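Colleague: I have a structure I would like to understand better, so I am pasting it below and will then ask my questions one at a time.
In the numbering used here, the protein residues as written are 6 to 138.
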């Protein structure tokens, strides 16, 4: 890809530089069905949310990634919550190559994280999926 921005992927998976994050695995969000896309962002804050809200018990990690093909705005965020994509959130069917890891980052304050988790739980109770792909 010719895009020169830095892209991030938040997760709880233990991965290495050179690994490929590909669609087809169980999603970290919602009903945890098979994911058709891999999600990533050009803002560190969006990737931090991804790591903090990911399912599983692994350590929260922020990977620096390179899209392996075309990508598009993430409609789960841009169309439903933030028109114009201020979070710079994207998705791709072609996967992401890990090129590095952010060694140090600041998590959201516990009360901010809990507020987000409560909001997501309320949406789930209403039958709204976190990821619609």
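Virtual Cβ for every residue (Gly too), placed ideally from N, Cα, C.
These numbers were taken from a predicted model, which means no experiment stands behind them.
Leaving out the 5 sequence neighbours to the left and right, which residues in its chain are closer than 8 Å to residue 139 when beta-carbon positions are compared?
Modeller: With the chain covering 6 to 138 only, the question about residue 139 has no answer from this structure.
Colleague: How many Å lie between residue 29 and residue 41 at the Cα?
Modeller: The straight-line gap from Cα to Cα measures roughly 6 Å.
Colleague: Output yes or no for whether 8 Å exceeds the beta carbon distance between residue 100 and residue 22.
Modeller: Cβ atoms of residue 100 and residue 22: not closer than 8 Å.
Colleague: Can you tell which of 122, 118, 26, 62 has the C-alpha that lies nearest to the C-alpha of residue 71?
Modeller: Checked all of 122, 118, 26, 62; the closest Cα to residue 71 is 26.
Colleague: Flag this pair as yes or no: are the beta carbons of residue 55 and residue 16 separated by less than 8 Å?
Modeller: Cβ atoms of residue 55 and residue 16: closer than 8 Å.
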